[in-house]
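Peer 1: Residue numbers (this note's numbering): 10 to 435.
Glycine residues also receive a C-beta, built at the ideal position from the N, C-alpha and C atoms.
Just so we're clear, the structure is a prediction, and the values are computed from it rather than from any experiment.
Once you've had a glance at the structure underneath, I'll fire off some questions.
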Ligand SMILES: *Cc1c(COP(=O)(O)O)cnc(C)c1O
């Protein structure tokens, strides 16, 4: 389903009314957001589902405290990476045995990039986009330095990706939603184009999974990675996921051949034998407490099924982001901020980005906005970024957020030295 442009909401009362008629609003009650906060940063760190602390506490007190080492079997800890993978598979159009939860997105990218290059031994190019997320570029650089077999990382502009595909490209590595502008690639179209020249594709779904409909199966995608702590709400540092299409399972060789990716970890054999399927992407002992939080958080998506699932969430996100754009343009005329996110909802993720003519002002404005209870983030050099998690945001939230933004711009409340100081995390 492609979301269509949502009807105009002319005042706050109409927003309230539309919120009350929205079946998805029940899901917001599942999250513990502090009062007085409008949270527009669920694309960086998803909010806390109410039932998660109790689950984590139980895992600590009962499973760890009482069960002790028996809990690897009795509480099913050892299967958690596959179980969480199967839950995420439903959100990205994959089969249960094609996804596993392990490590971080960066590390999974390293494993899959290495595995993909090995599947195309005669080709020497990793093609990517110049503006790809830094960790993706850095990981590719580090891997190529290590392989040292004359591979090249070729970076090109978003609009030149299709033209740059040729029979030298071993792997096309792309992030579906641009973290700066929010622009969304057509995953199926680009995957098909890469396959036509014999290249494999690795998709980074960091800002896609749990945000809108993704169908890796339909697109016949090869590989994907993504974060557990963004739209999936798994908590800070939640482990990441990796997807490998069944067709690639047998030939998959990844370099971090730790014992839990072995076919029989508890046989303690001297030589490595990969586990079947995505299981071989495991390396060391999984972070059980983080996995507990992630698994519990994913249950909210099961509840969302009753309200139309990801299709409904995607349509709501389109409505929220449309509303933000409309209100921004109506209220923040001479603001020195420019919309850099596509106006067509099907061409963007659940994100709106505003570039500031004066980057220092942009940074200070975001700090003042956060102080006023509207939490977004800042991405260097000049971007105010807002994420719209449809599970817990309402139209009124969006209305009020833009009112606050407009007030700060009008009163120049951002123009205060305390908002200029750069924090370690922006
Ligand atoms: C957030 C994000 C990451 C994060 O990677 P980690 O290894 O979890 O730090 C990777 N890629 C993209 C595109 C991201 O947006």
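In chain order, what residues place their C-beta within less than 7 Å of a heavy atom belonging to ligand 1?
Peer 2: Cβ atoms closer than 7 Å to ligand 1 belong to 113, 114, 115, 116, 142, 144, 145, 184, 188, 213, 215, 216, 236, 239 and 249.
Peer 1: Short check: CB of residue 294 to CB of residue 269, under 8 Å?
Peer 2: Your numbering for residue 294 matches position 285 in the chain shown. Your numbering for residue 269 matches position 260 in the chain shown. Yes, these two residues count as a Cβ contact at 8 Å.
Peer 1: Is it buried or exposed, residue 82, if we count other Cβ atoms within 10 angstroms and call 16 or more buried?
Peer 2: Mapped onto the chain shown, residue 82 falls at position 73. Classification of residue 82: exposed, given that the 10 Å Cβ count is below 16.
Peer 1: In chain order, what residues of the same chain lie with their CB nearer than 7 Å to the CB of residue 189, ignoring the 5 residues before and after it?
Peer 2: Stepping through the chain shown from its first residue, residue 189 is reached at position 180. Closer than 7 Å at Cβ, skipping near neighbours: 140, 362, 388 and 392.
Peer 1: Measure the CB-CB distance between residue 92 and residue 304 and report whether it falls below 8 Å.
Peer 2: What you label residue 92 is simply residue 83 of the chain shown in a count that begins at 1. What you label residue 304 is simply residue 295 of the chain shown in a count that begins at 1. Cβ atoms of residue 92 and residue 304: closer than 8 Å.
Peer 1: Could you tell me which whole alpha helix (DSSP H) segments of length 4 or greater appear in the segment 286-315?
Peer 2: You should have 297-313.
Peer 1: Contact criterion: CB-CB distance below 8 Å. Does residue 144 meet it with respect to chain B?
Peer 2: Absence of chain B from the displayed structure is noted, only one protein chain being present.
Peer 1: Quick check on residue 222: does DSSP put it in helix, strand or coil?
Peer 2: As a first step, residue 222 is located in the chain shown; it is residue number 213 there, counting from the start. Correct three-state label for residue 222: coil.
Peer 1: Out of 424, 350, 431 and 399, point me to the one whose CA is closest to residue 193's CA.
Peer 2: As a position in the chain shown, residue 193 is number 184, starting the count at 1. Residue 350 is the option with its Cα nearest to residue 193.
Peer 1: Express the C-alpha separation of residue 177 and residue 64 in angstroms, rounding to a whole number.
Peer 2: Working through the chain shown from its first residue, we reach residue 64 at position 55. Working through the chain shown from its first residue, we reach residue 177 at position 168. So the two alpha carbons sit approximately 49 Å from each other.
Peer 1: Exposed or buried, which one is residue 439 when buried takes at least 16 other CB atoms within 10 Å?
Peer 2: Residue numbering for the chain in the displayed model covers 10 to 435; residue 439 lies beyond these limits and cannot be assessed.
Peer 1: Report the residue ranges of all alpha helix (DSSP H) runs contained in full by the segment 374-409; include only those spanning at least 4 residues, in chain order.
Peer 2: Whole alpha helix (DSSP H) segments, 4+ residues: zero.
Peer 1: Would you please state the rounded distance, in angstroms, between the beta carbons of residue 318 and residue 217? I believe it to be under 8 Å.
Peer 2: Taking the chain shown and counting its residues from 1, one reaches residue 318 at position 309. Taking the chain shown and counting its residues from 1, one reaches residue 217 at position 208. At roughly 15 Å, the Cβ-Cβ gap does not stay under 8 Å, so residue 318 and residue 217 are not in contact.
Peer 1: For the beta strand (DSSP E) holding residue 163, just list the boundary residues, first then last.
Peer 2: Residue 163 sits at position 154 when you count from the first residue of the chain shown. Segment 161-165, the beta strand (DSSP E) holding residue 163.
Peer 1: Would you call the segment 320-327 and the segment 150-165 touching, i.e. three or more CB-CB distances under 8 Å?
Peer 2: No: the two stretches stay apart, fewer than three of their Cβ pairs being nearer than 8 Å.
Peer 1: Which word fits residue 112, buried or exposed, when buried means at least 16 other C-beta atoms lie within 10 angstroms of its C-beta?
Peer 2: Against the chain shown, residue 112 aligns to sequence position 103. Under this definition residue 112 is a buried residue.
Peer 1: Less than 8 Å separating the beta-carbons of residue 183 and residue 137?
Peer 2: For the purposes of this step, residue 183 is taken as residue 174 along the chain shown, with counting starting at 1. For the purposes of this step, residue 137 is taken as residue 128 along the chain shown, with counting starting at 1. Yes, the pair counts as a contact, with Cβ atoms nearer than the cut-off.
Peer 1: When DSSP labels each residue in this structure, what does residue 128 get in the three-state scheme?
Peer 2: Position 119 of the chain shown, counted from the start, is the residue given in the question as residue 128. In the structure shown, residue 128 sits in a helix (DSSP, three-state: H, G or I).
Peer 1: Can you list, in chain order, the residues of its chain whose CB lies under 7 Å from that of residue 484, leaving out five sequence neighbours each side?
Peer 2: What is shown of the chain runs 10 to 435, which leaves residue 484 out entirely.
Peer 1: Cβ of residue 291 within 8 Å of Cβ of residue 90?
Peer 2: Counting from 1 along the chain shown, the entry for residue 291 is found at position 282. Counting from 1 along the chain shown, the entry for residue 90 is found at position 81. Yes, the Cβ-Cβ distance between residue 291 and residue 90 is below 8 Å.
Peer 1: Starting from the C-beta of residue 245, find all residues in its chain whose C-beta is less than 8 Å away, skip the five residues before and the five after it, and write them out in chain order.
Peer 2: The residue labelled residue 245 in the question sits at position 236 within the chain shown. So the list reads 54 and 238, once near-sequence residues are dropped.
Peer 1: CB of residue 40 to nearest heavy atom of ligand 3: below 7 Å?
Peer 2: You won't find ligand 3 in this model; what it holds is ligand 1.
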